[in-house]
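Presented below is the structure to which this report refers.
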Amino acid sequence: MQSVCQRVGTCSSCLKRQINVFLGLTKWQRRLVPSYVRTIYSETGKWEKSYSLDTRRRVENWWLPRIKDQFCKISETDKSRPKFYVLSMFPYPSGKLHMGHVRVYTISDAVARFQKMRGMQVINPMGWDAFGLPAENAAVEHGLHPASWTQSNIQHMREQFDALGLSFTWEREITTCLPEYYKWTQYLFLKLFEAGIVYQKEALVNWDPVDQTVLANEQVDDNGCSWRSGAKVEQKYLKQWFIKTTAYAKAMFDALSDLPEWYGIKEMQANWIGDCVGCFFDFSLKVNGKVTEEKLAAYTYTPEAIYGASHLYILPTHRLLHGNSSLKEVFQRELIPGKDSLTSVTAVNLLTNQEIPLVISAKTNFENYLDTKIGIPSTSAEDAAVAKNLGISFTEVTEKLPNGSEKVINSGEITGMTRQEALEAITQKAKNKGIGGYLTSDKLRDWLISRQRYWGTPIPIIHCQNCGTVPVPYEDLPVVLPSVTTFTGKGASPLETASEWVNCSCPRCKGAARREVDTMDTFVDSAWYYLRYTDPHNAERPFNNDLADYWLPVDLYVGGKEHAVMHLFYARFLNHFCHDLKMTKHREPFHKLLVQGLIKNQTFRLTTTGQCLKREEVDLTGTEPVYLKTGEKLQVSWEKMSKSKHNGIDPEELVKECGIDTLRLYILFAAPPEQDILWDTKTDAMPGVQRWQVRIWMLVTKLIEARTSGTVPNPELLNKKQKAEARRIWEQKNLVISEVTEYFTKDYLFNAAISRLMSLTNVLHQAPQPLILHSTEFEDALATLCIMLAPMAPHIASEMWKGLAHVQNKLCSHHHWDVDVLHQSWPKVDPEYLQPSDVVEMSVLINNKACGKVFVPQQASRNFEEVHELVLQSELGVKHLQGRNIKKAFLSPRTALINFLVQE
Numbered sequence: 001m002q003s004v005c006q007r008v009g010t011c012s013s014c015l016k017r018q019i020n021v022f023l024g025l026t027k028w029q030r031r032l033v034p035s036y037v038r039t040i041y042s043e044t045g046k047w048e049k050s051y052s053l054d055t056r057r058r059v060e061n062w063w064l065p066r067i068k069d070q071f072c073k074i075s076e077t078d079k080s081r082p083k084f085y086v087l088s089m090f091p092y093p094s095g096k097l098h099m100g101h102v103r104v105y106t107i108s109d110a111v112a113r114f115q116k117m118r119g120m121q122v123i124n125p126m127g128w129d130a131f132g133l134p135a136e137n138a139a140v141e142h143g144l145h146p147a148s149w150t151q152s153n154i155q156h157m158r159e160q161f162d163a164l165g166l167s168f169t170w171e172r173e174i175t176t177c178l179p180e181y182y183k184w185t186q187y188l189f190l191k192l193f194e195a196g197i198v199y200q201k202e203a204l205v206n207w208d209p210v211d212q213t214v215l216a217n218e219q220v221d222d223n224g225c226s227w228r229s230g231a232k233v234e235q236k237y238l239k240q241w242f243i244k245t246t247a248y249a250k251a252m253f254d255a256l257s258d259l260p261e262w263y264g265i266k267e268m269q270a271n272w273i274g275d276c277v278g279c280f281f282d283f284s285l286k287v288n289g290k291v292t293e294e295k296l297a298a299y300t301y302t303p304e305a306i307y308g309a310s311h312l313y314i315l316p317t318h319r320l321l322h323g324n325s326s327l328k329e330v331f332q333r334e335l336i337p338g339k340d341s342l343t344s345v346t347a348v349n350l351l352t353n354q355e356i357p358l359v360i361s362a363k364t365n366f367e368n369y370l371d372t373k374i375g376i377p378s379t380s381a382e383d384a385a386v387a388k389n390l391g392i393s394f395t396e397v398t399e400k401l402p403n404g405s406e407k408v409i410n411s412g413e414i415t416g417m418t419r420q421e422a423l424e425a426i427t428q429k430a431k432n433k434g435i436g437g438y439l440t441s442d443k444l445r446d447w448l449i450s451r452q453r454y455w456g457t458p459i460p461i462i463h464c465q466n467c468g469t470v471p472v473p474y475e476d477l478p479v480v481l482p483s484v485t486t487f488t489g490k491g492a493s494p495l496e497t498a499s500e501w502v503n504c505s506c507p508r509c510k511g512a513a514r515r516e517v518d519t520m521d522t523f524v525d526s527a528w529y530y531l532r533y534t535d536p537h538n539a540e541r542p543f544n545n546d547l548a549d550y551w552l553p554v555d556l557y558v559g560g561k562e563h564a565v566m567h568l569f570y571a572r573f574l575n576h577f578c579h580d581l582k583m584t585k586h587r588e589p590f591h592k593l594l595v596q597g598l599i600k601n602q603t604f605r606l607t608t609t610g611q612c613l614k615r616e617e618v619d620l621t622g623t624e625p626v627y628l629k630t631g632e633k634l635q636v637s638w639e640k641m642s643k644s645k646h647n648g649i650d651p652e653e654l655v656k657e658c659g660i661d662t663l664r665l666y667i668l669f670a671a672p673p674e675q676d677i678l679w680d681t682k683t684d685a686m687p688g689v690q691r692w693q694v695r696i697w698m699l700v701t702k703l704i705e706a707r708t709s710g711t712v713p714n715p716e717l718l719n720k721k722q723k724a725e726a727r728r729i730w731e732q733k734n735l736v737i738s739e740v741t742e743y744f745t746k747d748y749l750f751n752a753a754i755s756r757l758m759s760l761t762n763v764l765h766q767a768p769q770p771l772i773l774h775s776t777e778f779e780d781a782l783a784t785l786c787i788m789l790a791p792m793a794p795h796i797a798s799e800m801w802k803g804l805a806h807v808q809n810k811l812c813s814h815h816h817w818d819v820d821v822l823h824q825s826w827p828k829v830d831p832e833y834l835q836p837s838d839v840v841e842m843s844v845l846i847n848n849k850a851c852g853k854v855f856v857p858q859q860a861s862r863n864f865e866e867v868h869e870l871v872l873q874s875e876l877g878v879k880h881l882q883g884r885n886i887k888k889a890f891l892s893p894r895t896a897l898i899n900f901l902v903q904e
């Protein structure tokens with residue numbers, strides 16, 4: 001007979017336990033708890049037959065606090081287990097999650113849980129990209145300090161993350177606006193400065209008159225407006241800090257070929273960098289034979305012909321003619337509009353010591369972003385024509401050979417070399433002397449990182465009248481932001497108002513000096529955060545090399561496509577630089593990249609004014625939407641969700657309405673990750689995943705009822721036809737395991753994985769009662785279904801597993817029934833399913849040494865790409881090849897052998 005507790009769930013001990021769980025929830029989570037208190041199977045031992053709205057709420061409220069902390073602590077010392085580093089792009093703490101956040105973090109959460117069930121050591125870290133203009137603008141608007149605004153937003157968003165049951169490795173949390181993080185951003189800046197990769201120069205910049213700061217070119221839209229404020233961008237000359245990313249252009253371009261397919265992102269990166277055929281060389285400038293303080297870096301497409309340089313071009317718009325240059329008046333006197341102007345200024349090539357005249361070009365622009373070029377008549381007919389017209393002498397430095405190749409002549413130490421040999425020799429010499437020589441393109445510019453705002457990482461530089469530009473000593477880091485209360489200014493950084501902070505002593509001469517008042521672009525903070533996650537609490541250095549080498553490269557990087565150019569480029573650059581400093585073993589930081597599309601909703605605009613309307617202002621009852629007030633027809637379009645367009649969906653309201661698991665399954669099922677989701681709950685996706693949960697619950701109910709009917713299960717009681725049906729269930733189970741595992745590891749097609757799990761659900765629903773009662777295959781397939789559902793819908797899967805675990809007279813002994821579903825091992829295909837005739841035993845060699853064998857399907861055994869991927873995803877591949885730099889691989893189908901050549 002049932003106890004009162006089991007029937008109504010009101011005994012004092014049960015109620016006390018529920019209250020304790022409730023108190024453990026955040027305020028945001030408590031709002032999701034219904035006003036009445038009832039219990040579920042996990043607490044009472046009584047299974048509820050139907051998965052109603054009420055049951056769903058109680059299941060999620062019960063399991064939410066329990067699975068939140070089940071993502072186990074990591075021990076990097078346990079190298080016997082392979083690692084998996086899943087990283088989702090960390091958010092700006094705006095204070096409110098949007099559906100884009102929900103999508104990216106649901107994907108990373110599902111992958112993290114899946115890989116943990118595969119036996120991996122998994123980190124899925126989370127942090128906050130906490131510096132930046134939005135917080136500073138909010139401080140101005142609300143009269144708050146950016147720090148307090150940011151911290152309160154972080155707290156709220158953490159509660160929202162927890163309420164979605166996301167399995168972040170929270171002990172690795174980082175916040176970029178805290179001194180313990182930006183100390184090391186400053187450290188890396190100083191390392192770049194020491195390497196000559198950071199420099200300061202006057203430049204024509206994009207100025208946002210509203211946000212009062214410089215913008216990178218990529219932060220200006222096609223209409224010449226700021227990406228944040230929308231203001232028309234102005235052009236002005238300012239002295240700015242740059243990072244010489246062009247020095248790594250060729251290395252980063254070449255490294256793309258070694259990376260796996262990135263859904264078109266590799267092509268975007270390659271296009272961003274451009275063809276690296278030329279380089280910059282540094283020149284000093286002379287007037288009347290005297291060397292000035294001005295220096296120029298000029299580009300040439302043919303570095304090997306540098307000894308044949310006849311002149312240096314600059315554009316009429318060059319900063320030397322318009323900025324604060326000491327040569328400004330000289331150039332303006334000698335400028336002849338519309339013609340190439342030979343000036344009295346000469347340029348000395350710091351590599352060859354050749355002195356050549358400086359010419360103001362008649363052109364208004366050069367190729368792409370160049371404003372300074374080297375004229376070399378030997379390799380350019382146009383340069384030869386200009387030199388002849390201006391009476392500039394030049395020397396031929398290339399000569400064709402009878403075999404059609406060319407050699408270099410009249411070129412000092414490189415004379416007699418082939419052009420390729422000369423290219424390599426002369427660029428290496430320039431790099432050794434620190435005066436250029438890095439192969440880059442004519443479209444890639446150095447990274448402008450100065451921002452004239454307060455809420456950013458202070459640039460650790462001190463300006464001294466005696467010593468010049470002096471880096472802050474490492475032992476004085478971090479340079480901590482001073483307390484500032486005024487955040488507005490006309491062209492000046494708010495840091496200027498902190499006079500006690502700005503005025504300081506020079507670290508070298510101890511004389512009076514001033515701190516740099518520009519702060520760094522927030523892209524600098526996010527260019528290395530993936531490295532800090534590997535060792536987030538290190539107070540002695542940015543990260544421990546061994547830990548970085550263990551966790552990197554990131555196995556799967558998940559984020560929005562809008563960050564697939566700038567952020568990805570800067571992150572790759574920083575890792576290349578750290579690799580050259582021997583801080584990291586891996587040159588490339590990310591192995592696989594998964595960019596997810598946007599979540600869009602319908603936007604309703606008035607045709608007359610373009611004003612966006614709220615949905616409640618729109619009449620949707622007719623054939624076309626119209627404005628409720630006037631009946632005016634509306635413009636309807638699918639656009640990215642945003643407050644301004646009144647087309648956003650609040651995740652909090654959606655969770656209350658349909659539940660965490662339903663939202664997660666919808667996000668994963670509605671479209672492949674890289675495609676946009678057109679949000680409309682009237683489609684089949686949302687009701688479909690709701691119905692599916694009910695159907696799986698029904699299967700568990702059927703098994704529980706069959707096994708508590710009083711009849712002892714006995715597979716021998718099945719007749720021949722029923723055994724054949726059981727065999728078909730077994731085959732379907734193995735097929736689905738194989739396919740779902742591939743979807744989770746290869747293309748991350750979660751929608752296809754869910755579809756296959758739905759098909760297995762349908763197969764199990766067709767099973768007759770004798771099969772449910774007596775079949776090992778039915779029980780095993782249902783248990784397997786729950787396990788494969790768990791990474792995507794952990795709450796319902798946890799409750800169903802608990803119900804299955806308490807079923808009496810179980811026939812399957814290989815499952816770990818005494819632990820929760822999220823701690824189960826990911827199911828493997830039964831060896832019997834892979835018939836010998838259908839598979840090939842592939843020998844795997846690493847650097848010509850045998851390390852084991854892997855079974856691959858017969859039809860895939862002759863396809864290099866398929867065998868390559870299958871081996872990498874196998875247990876052997878995960879153990880021996882995961883994270884290693886594979887230079888080449890060779891497949892021999894005839895001998896069933898694949899040999900991987902890896903960097904030791």
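The opening position of the sequence shown corresponds to residue 1 in the UniProt record's numbering, with each subsequent residue numbered one higher. For each residue, glycine too, the CB sits at the ideal point set by N, CA and C.
Could you spell out the range, first to last residue, of the beta strand (DSSP E) harbouring residue 461? Annotation for residue 461: the continuous beta strand (DSSP E) segment containing it runs 461-464.
Where DSSP assigns a beta bridge to residue 311, which residues make up the other side? When DSSP reads this structure, residue 311 sits in a beta bridge with 375.
Using DSSP with H/G/I as helix, E/B as strand and the rest coil, what is residue 756? Residue 756: helix per DSSP, three-state reduction.
Spatial distance of residue 887 from residue 875 (CA atoms): Residue 887 and residue 875: Cα-Cα distance of roughly 21 Å.
Hey, out of 784, 900, 831, 132, whose CA is closest to residue 454's CA? In terms of Cα proximity to residue 454, the closest of 784, 900, 831, 132 is 132.
How do the stretch 442-450 and the stretch 146-161 stand: do at least 3 beta-carbon pairs fall below 8 Å, yes or no? Too few Cβ pairs lie closer than 8 Å, so no.
Counting along the chain, where does the alpha helix (DSSP H) carrying residue 369 start and finish? Careful: residue 369 lies outside any alpha helix (DSSP H) and carries neither H nor E.
For residue 281 versus residue 316, is the C-beta spacing smaller than 9 Å? Judged by their CB atoms, residue 281 and residue 316 are not nearer to each other than the 9 Å cut-off.
Delimiting residues of the alpha helix (DSSP H) encompassing residue 419: Residue 419: member of the alpha helix (DSSP H) spanning 419-433, first to last residue.
Identity of the residues DSSP links to residue 165 by a beta bridge: BP columns for residue 165 are empty, so no partner.
If we ignore side chains and look at the alpha-carbon of each, how far apart do residue 64 and residue 687 end up? Rounded to whole angstroms, the separation of the alpha carbons of residue 687 and residue 64 is 23 Å.
With three or more beta-carbon pairs closer than 8 Å as the criterion, would you say the stretch 117-124 touches the stretch 78-98? Taking a cut-off of 8 Å on C-beta distances, the stretch 117-124 touches the stretch 78-98, as three or more cross pairs fall below it.
In the stretch 742-816, which residue ranges form an unbroken alpha helix (DSSP H) of at least 4 residues, counting only runs that do not cross its ends? Taken in chain order, the whole alpha helix (DSSP H) runs of length 4 or more contained in the stretch 742-816 are 750-765, 769-774, 776-789, 794-805.
Helix, strand or coil at residue 604 [DSSP, three-state]: DSSP places residue 604 within a strand segment (E or B) once states are collapsed to three.
Identify the continuous alpha helix (DSSP H) that holds residue 414 and give its terminal residues. From DSSP, residue 414 is part of no alpha helix (DSSP H); its letter is neither H nor E.
Less than 9 Å between the C-beta atoms of residue 817 and residue 804, yes or no? The answer is yes: Cβ separation under 9 Å.
Can you pull the DSSP bridge partners for residue 243? In DSSP, residue 243 forms a bridge with 198, 447.
Is the beta carbon of residue 125 less than 9 Å from the beta carbon of residue 164? In this structure, residue 164 does not lie closer than 9 Å to residue 125 by Cβ.
When 305, 44, 533 are compared against residue 175, the one with the closest alpha-carbon: A check of alpha carbon separations from residue 175 across 305, 44, 533 identifies 533 as the nearest.
Would you check if the distance between the CB atom of residue 775 and the CB atom of residue 715 is smaller than 9 Å? Going by C-beta atoms, residue 775 is nearer than 9 Å to residue 715.
Measure from the alpha carbon of residue 508 to the alpha carbon of each residue in 479, 464, 530, 350, then state which is nearest. When only C-alpha atoms are compared, the closest one is 464.
Which whole runs of the beta strand (DSSP E) in the stretch 824-858 are 3 residues long or more, in chain order? Secondary structure remark: continuous beta strand (DSSP E) runs of at least 3 residues inside the stretch 824-858, in chain order: 839-846, 849-857.
According to DSSP, is residue 657 helix, strand or coil? For residue 657, the secondary structure class from DSSP, reduced to helix, strand or coil, is helix.
Looking only at its chain, what residues have a beta carbon closer than 6 Å to the beta carbon of residue 894, apart from the 5 residues adjacent to it on each side? The beta carbon of residue 894 lies closer than 6 Å to none in the same chain, with the five residues before and after it left out.
Residue range of the beta strand (DSSP E) that residue 889 falls in? Unbroken beta strand (DSSP E) run through residue 889: 886-892.
Considering only the alpha carbon of each residue, which of 713, 182, 158 lies closest to residue 171? Distance check between residue 171 and each of 713, 182, 158 places 158 closest, using alpha-carbon atoms only.
What is the residue span of the beta strand (DSSP E) that residue 471 lies within? Segment 468-471, the beta strand (DSSP E) holding residue 471.
With a floor of 4 residues, list each alpha helix (DSSP H) that falls wholly inside the stretch 663-714, ordered by position along the chain. Runs found: 685-707.
Within 10 angstroms of the Cβ of residue 575, are there 16 or more other Cβ atoms? Answer buried if so, exposed if not. Around the beta carbon of residue 575, 16 or more other beta carbons sit within 10 angstroms, so the residue counts as buried.
Give me, in chain order, the residues of the same chain whose beta-carbon lies closer than 8 Å to that of residue 703; leave out the 5 immediate sequence neighbours on both sides. These residues qualify, in order along the chain: 772, 778, 779, 782, 804, 807.
Taking only the alpha-carbon atoms, compute the straight-line gap between residue 328 and residue 360 and give it to the nearest angstrom. Rounded to whole angstroms, residue 328 to residue 360 spans 12 Å at the Cα level.
In whole angstroms, what separates the C-alpha of residue 209 from that of residue 792? C-alpha separation (whole angstroms): 46 Å.
Hey, how far is the Cα of residue 711 from the Cα of residue 717? The C-alpha of residue 717 is placed about 11 Å away from the C-alpha of residue 711.
Count the other C-beta atoms from every protein chain shown that fall within 10 angstroms of the C-beta of residue 840, then say buried if there are 16 or more, exposed otherwise. Within a 10 Å sphere around the beta-carbon of residue 840 sit 16 or more other beta-carbons, which makes this residue buried.
So, for residue 847: in the same chain, excluding its five sequence neighbours on each side, which residues have a beta-carbon less than 7 Å away from its beta-carbon? Cβ neighbours of residue 847 beyond the five flanking positions: 901, 902.
Just to confirm the assignment, what range does the alpha helix (DSSP H) spanning residue 637 have? Boundaries for residue 637: no alpha helix (DSSP H) harbours it, while the beta strand (DSSP E) harbouring it runs 634-640, taken from the DSSP string.
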